[in-house]
Amino acid sequence: MKWIMRIIRAIVGPILLLLDAVFAPKALVRAPEAQAEVDAATQTLKLYQFLACPFCVRVRRGMKRLALPIETRDTKRNEEWREELLREGGSPKVPCLRIEEADGVRWLYESKAINEYLESRFAV
Numbered sequence: 002m003k004w005i006m007r008i009i010r011a012i013v014g015p016i017l018l019l020l021d022a023v024f025a026p027k028a029l030v031r032a033p034e035a036q037a038e039v040d041a042a043t044q045t046l047k048l049y050q051f052l053a054c055p056f057c058v059r060v061r062r063g064m065k066r067l068a069l070p071i072e073t074r075d076t077k078r079n080e081e082w083r084e085e086l087l088r089e090g091g092s093p094k095v096p097c098l099r100i101e102e103a104d105g106v107r108w109l110y111e112s113k114a115i116n117e118y119l120e121s122r123f124a125v
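With my numbering applied, the sequence shown covers 2 to 125.
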């Protein structure tokens, strides 16, 4: 049964990435000063994800739409990031947004919750 899922992922993943590239959302355009502030604010954010994960694609599309240069960390290709996510976040599940705040680090799971957080913080 696992091999069937691997085959399905191997077929669907590239199709999903192609569709995402072809139908990419337009990025929000801000004044240069406002974009510079957003760029600085996103330095404290890291998205742990897989390239072809549909929920991760959803978050990356939201990031693109809001013009957010958030560092992405592919935990499928980098064991160190996967271990960090498991150790500090509590679960290897993706997508997960690491948010550095004044009082510590918060780990936000679930694509819908991540997009809602990004919208509430960075939408114009």
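C-beta atoms are modelled at their ideal positions from N, C-alpha and C, and glycine is treated no differently.
Buried/exposed call for residue i, threshold 16 Cβ in 10 Å
i, result
"Gln-44", "exposed"
"Gly-63", "buried"
"Lys-3", "exposed"
"Val-123", "According to the sequence shown, residue 123 is Phe rather than Val. Looking at its Cβ environment, which holds 16 or more other Cβ atoms inside 10 Å, Phe-123 is buried."
"Ile-115", "buried"
"Arg-61", "buried"
"Arg-7", "exposed"
"Leu-19", "exposed"
6 Å Cβ shell around residue i - same chain, five flanking residues per side excluded
i, result
"Gln-50", "Cys-57, Thr-73, Val-95 and Pro-96"
"Leu-87", "Pro-93"
"Ile-71", "Thr-43, Leu-46, Leu-48 and Met-64"
Residue i Cβ short of 8 Å to the ligand MG heavy atom set
i, result
"Ala-35", "No copy of the ligand MG appears in this structure; indeed no ligand is present at all."
Same chain, Cβ closer than 7 Å to residue i, neighbours up to 5 away in sequence not counted
i, result
"Gly-14", "Ala-53"
"Lys-65", "Ala-25, Pro-26 and Ala-28"
"Leu-69", "Val-39, Thr-43, Leu-119 and Phe-123"
CB contact below 9 Å: residue i versus chain D
i, result
"Leu-46", "The chain labelled as chain D is not found in the depicted structure, where only one protein chain is given."
Those residues which DSSP pairs with residue i across a bridge
i, result
"Trp-108", "Arg-99"
"Glu-72", "Lys-47"
Cβ-Cβ distance between residue i and residue j below 9 Å
i, j, result
"Arg-78", "Ser-112", "no"
"Val-106", "Glu-89", "yes"
Neighbourhood of residue i by C-beta distance below 8 Å, restricted to the same chain and skipping five residues each side
i, result
"Gly-91", "Trp-108"
- Item | Start-end ranges of the beta strand (DSSP E) lying completely within the region 21–60, minimum 3 residues | 46–50
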